[in-house]
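Contents: one structure, followed by commentary.
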Amino acid sequence: MTEPPRRSAPLLLSAALGGTLAFGFLDLLFGFGWTAAEPMLRERAFVVFLGNGVAAVLLTLLLLLFRRRPSPTGAYLLGMALSLGAFCAGPAGTWAGIAVFLAAAFGARSIQTRLRLPDPVFPLLGLLALLVPIVSLLSPGELRPLPVRPPPPLPAAPARSTAVAVGAERPDVLLLVADTLRADVLLDPALPTPNLDRLRQRGAWSPAAVAPSNQTLPSHLSLLCALDIEKLGMRSNLSRWPSSEQLEQEWGMVTLAERFAAAGYRTAAVSSNPLLSHVPERGQDLAEGFEAWDPLEVVDPWWELIAWKERQTWYGWLAPVEPLRRAVNFTLRRALYPPDRSTYRPHVEEGARTTSTAVARIAGLAAGTRPYFLFVNYYDPHTPYIAPPPYAGTESAAAVPDGYRNRPLDDFPARVELRRRIAEDGGEGGARGLELGRFLRARYREEVLYLDQMVGELLDAVERGGRPTLVLFTGDHGEMFGDRGSVEHSTTLFEGEIAVPLILAGPGVPPGLELAGAPELVDAAYTLLRLTGAPARGADGRHLLDPPGDPGRVALSVMRSGITVRKDGWKLHAVVRYAEEPVRGEFELDAEQLYDLGADPGERNDLSAAHPERVEELLAAARERLQRDLFPLLPAREFRPGERKRLSDLGYVAGEEE
Numbered sequence: 001m002t003e004p005p006r007r008s009a010p011l012l013l014s015a016a017l018g019g020t021l022a023f024g025f026l027d028l029l030f031g032f033g034w035t036a037a038e039p040m041l042r043e044r045a046f047v048v049f050l051g052n053g054v055a056a057v058l059l060t061l062l063l064l065l066f067r068r069r070p071s072p073t074g075a076y077l078l079g080m081a082l083s084l085g086a087f088c089a090g091p092a093g094t095w096a097g098i099a100v101f102l103a104a105a106f107g108a109r110s111i112q113t114r115l116r117l118p119d120p121v122f123p124l125l126g127l128l129a130l131l132v133p134i135v136s137l138l139s140p141g142e143l144r145p146l147p148v149r150p151p152p153p154l155p156a157a158p159a160r161s162t163a164v165a166v167g168a169e170r171p172d173v174l175l176l177v178a179d180t181l182r183a184d185v186l187l188d189p190a191l192p193t194p195n196l197d198r199l200r201q202r203g204a205w206s207p208a209a210v211a212p213s214n215q216t217l218p219s220h221l222s223l224l225c226a227l228d229i230e231k232l233g234m235r236s237n238l239s240r241w242p243s244s245e246q247l248e249q250e251w252g253m254v255t256l257a258e259r260f261a262a263a264g265y266r267t268a269a270v271s272s273n274p275l276l277s278h279v280p281e282r283g284q285d286l287a288e289g290f291e292a293w294d295p296l297e298v299v300d301p302w303w304e305l306i307a308w309k310e311r312q313t314w315y316g317w318l319a320p321v322e323p324l325r326r327a328v329n330f331t332l333r334r335a336l337y338p339p340d341r342s343t344y345r346p347h348v349e350e351g352a353r354t355t356s357t358a359v360a361r362i363a364g365l366a367a368g369t370r371p372y373f374l375f376v377n378y379y380d381p382h383t384p385y386i387a388p389p390p391y392a393g394t395e396s397a398a399a400v401p402d403g404y405r406n407r408p409l410d411d412f413p414a415r416v417e418l419r420r421r422i423a424e425d426g427g428e429g430g431a432r433g434l435e436l437g438r439f440l441r442a443r444y445r446e447e448v449l450y451l452d453q454m455v456g457e458l459l460d461a462v463e464r465g466g467r468p469t470l471v472l473f474t475g476d477h478g479e480m481f482g483d484r485g486s487v488e489h490s491t492t493l494f495e496g497e498i499a500v501p502l503i504l505a506g507p508g509v510p511p512g513l514e515l516a517g518a519p520e521l522v523d524a525a526y527t528l529l530r531l532t533g534a535p536a537r538g539a540d541g542r543h544l545l546d547p548p549g550d551p552g553r554v555a556l557s558v559m560r561s562g563i564t565v566r567k568d569g570w571k572l573h574a575v576v577r578y579a580e581e582p583v584r585g586e587f588e589l590d591a592e593q594l595y596d597l598g599a600d601p602g603e604r605n606d607l608s609a610a611h612p613e614r615v616e617e618l619l620a621a622a623r624e625r626l627q628r629d630l631f632p633l634l635p636a637r638e639f640r641p642g643e644r645k646r647l648s649d650l651g652y653v654a655g656e657e658e
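Following this line, the structure appears as structure tokens:
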């Protein structure tokens, strides 16, 4: 028998690559071992053919190194053997396939002779095998909404010693918090928000309530625990964190949900913000007192792809040690699932998911006669600014910067560029920074339009039920678009970051009342308790419908190293410094700027030198409140697996940690 002539190494390599096609496509077609909710054909094609190709090249080179040069047909069979392993769903199938085809390729030359293909076919097959991962990488990825884990069913109503029925004296309570919602955007006559306007007209409202922090977790913790922000000691999402036991020992803390439950209310929560979704994993549990806490977690099939890759493909098997696997997975994610896409997809049509879940919860809670307390957290209008039709483009079409086309994914690179411009040019990033800021602000406003529609649908569902309902709508902090060098939030305590809307409507609330002063979020929590007869003892704040209370009390907001105090329209920015080993009540407090918000709402004219007596008055009020600051008593923050990644994905960095 005549032995087939030997061919060049490139021909053999292309033949081996071409051999991976058949079983590789079958693997994609049948999806052995694939259990995710999405097919992810683009991503699977990339890992299957890249892995098969790398394995085929490595084994062919190894054979050439040992001077075993098979015919092109033998190399083609070798590639088929490698792809058969993945098709057979595991390493055992791989080695069985290799054994069979190696025997065919090198032991039975007659088989090779019968199967022999013309040499020009192999480069074409090899090129096709190379094109599959390249085309997969360059093709547009999926942009539709990710699936969401269904919330657990509402548990049966617990037996309570206090049995009450819903009515004007015990109305249902709906607490709505819109993440990252500035106060001024709702008062802009150029932006139609008919549903929130209608709610404001039939209730009491503040043009600018004061958020206790410029980040989500401290603000929500203060609101849901009904405690002043200094009693929590938190400064940011990454800062030291008080435990429930510590707050109970220090202040006798009882959460808002626990207070309503004690008054005979049913309690539930719907949370869209990923930070709030994962809070129950920690020692301080915002979910305490809630019968049901629905985190609205999306199901990210990316992790299923990683698991499938490692058990089903050569791409996974060729990285046997953990450091190498991590490097491969990081590279793979950057290539197939870059930050613009990974931050976009979990938030597509997020408001609709929040609304539908909340409406379903209301239906379950309202099935009985007892009143309910429902907390709903809307992630809108937080980044990414990706309002769906018909709102997408309504505000931003006229503000698209050069180099952008106002595509859904343009939001992320625009924010990245704006930060870079500010870092390079200072201030607000020069002319280009102002252009980018206008674009981002316009897209944010589209998100507010969408939020208004979603809140309107939720309020319509409440009204259709016909039950008396007390509604409180507010925000946890604001948002910046390059103003004062700040992008998004967490870097300043200017009004854009801490002035939030506050609307209260329902039984016992006079319609159309503009609230005096600058109420804090904790005042809103206290007011809900007072209006419903739920126990309010030990809760901080004042009744919003009472005349202005303690003339010496200031509104306090905190961030990583700074605070602001506000009273009678004056606002002082100050820096707080603790020793390396902090001691409670011992700190340095230095004034920075003083503003008259009535005359200077944009906080541009520092009056600290002209009004030293006002500075000292506000510093004294701040020192009094900071005597209760729990920060020095809090242990250093320990991050759980994946927690830093979640915070980083939301734009918070480790450098913010106290």
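If you count the sequence shown from 1, position 379 lands on 379 in the working numbering, and the numbers rise without skipping. Heads up, the beta-carbon is just placed ideally off N, CA and C, and yes, glycines get one too.
{"Check": "Distance, L324 Cα to Y315 Cα", "Outcome": "11 Å"}
{"Check": "V132 to F46 span [Cα, whole Å]", "Outcome": "7 Å"}
{"Check": "Whole alpha helix (DSSP H) elements within the segment 547 to 609, 4-residue minimum", "Outcome": "none"}
{"Check": "Cβ neighbours of A183 in the same chain (closer than 6 Å, five flanking residues each side left out)", "Outcome": "A208, A499, V500 and P501"}
{"Check": "Distance between A423 and A263 (C-alpha atoms, nearest Å)", "Outcome": "52 Å"}
{"Check": "Assigned secondary structure, F375 (DSSP; H/G/I helix, E/B strand, else coil)", "Outcome": "strand"}
{"Check": "Secondary structure of P535, DSSP reduced to three states", "Outcome": "coil"}
{"Check": "Whole-angstrom distance between N195 and D460, CA atom to CA atom", "Outcome": "9 Å"}
{"Check": "Whole-angstrom distance between D294 and P153, CA atom to CA atom", "Outcome": "10 Å"}
{"Check": "Under the three-state DSSP convention, the category A104 falls into", "Outcome": "Low confidence applies here, because A104 scores a pLDDT of 49, under 50, leaving its location unreliable; read the following figure in that light. A104 falls in the helix class under three-state DSSP."}
{"Check": "Cβ-based neighbour list, L521, same chain, cut-off 7 Å, excluding 5 preceding and 5 following", "Outcome": "A209, A211, P212, S219, S222, L223 and T474"}
{"Check": "Beta-carbon proximity check, A534 vs T369, cutoff 9 Å", "Outcome": "no"}
{"Check": "Assigned exposure category for S396 - 16 Cβ within 10 Å defines buried", "Outcome": "buried"}
{"Check": "C-alpha distance - G569 paired with P390, whole-angstrom precision", "Outcome": "39 Å"}
{"Check": "Rounded separation between L17 and L41 - CA only", "Outcome": "20 Å"}
{"Check": "C-beta contact flag for V575 and G562 at 9 Å", "Outcome": "yes"}
{"Check": "Beta-carbon separation (whole angstroms), F412 vs D340, contact threshold 8 Å", "Outcome": "4 Å"}
{"Check": "Extent of the continuous beta strand (DSSP E) run through V210", "Outcome": "G203 to V210"}
{"Check": "Nearest-angstrom Cα separation, counted from F23 out to R84", "Outcome": "As written in the sequence, residue 84 is Leu, which differs from the Arg given in the question. Roughly 6 Å separates the two Cα atoms."}
{"Check": "Inter-stretch contact (C-beta, 8 Å, three-pair minimum) for the segment 290 to 306 and the segment 265 to 276", "Outcome": "yes"}
{"Check": "Distance, L618 Cα to L504 Cα", "Outcome": "29 Å"}
{"Check": "Bridge-paired residues (DSSP) for E520", "Outcome": "V210"}
{"Check": "Beta-carbon proximity of P192 to L458, cut-off 9 Å", "Outcome": "no"}
{"Check": "Buried/exposed call for Q201, threshold 16 Cβ in 10 Å", "Outcome": "exposed"}
{"Check": "Test item: CB-CB of L78 and G19 under 9 Å", "Outcome": "yes"}
{"Check": "Through-space distance from L556 to D425, alpha-carbon basis", "Outcome": "32 Å"}
{"Check": "Endpoints, the alpha helix (DSSP H) within which V54 is located", "Outcome": "L41 to L65"}
{"Check": "Neighbourhood of L199 by C-beta, 7 Å cutoff - its chain only, sequence neighbours within 5 removed", "Outcome": "L459, V471, F473, I503 and A505"}
{"Check": "Residues near P91 in its chain [Cβ-Cβ closer than 8 Å; skip 5 each side]", "Outcome": "Because the pLDDT at P91 is just 49, under 50, the model does not fix this residue reliably, and the point stays unresolved."}
{"Check": "Same chain only: Cβ atoms within 8 Å of P120, ignoring 5 sequence neighbours per side", "Outcome": "none"}
{"Check": "Separation of A360 from L128, as counted between CA atoms", "Outcome": "50 Å"}
{"Check": "Contact under 9 Å by Cβ, L50 with F122", "Outcome": "no"}
{"Check": "Neighbourhood of S608 by C-beta, 7 Å cutoff - its chain only, sequence neighbours within 5 removed", "Outcome": "A591, Q593, L594 and V615"}
{"Check": "For T474, the residue or residues it bridges with in DSSP", "Outcome": "V177 and L502"}
{"Check": "Distance, E258 Cα to G283 Cα", "Outcome": "Note that G283 has pLDDT 49, beneath the 50 cutoff, so the model's placement of it is unreliable and no number is given."}
{"Check": "Contact the segment 244 to 259 vs the segment 225 to 232: 3+ CB pairs below 8 Å", "Outcome": "yes"}
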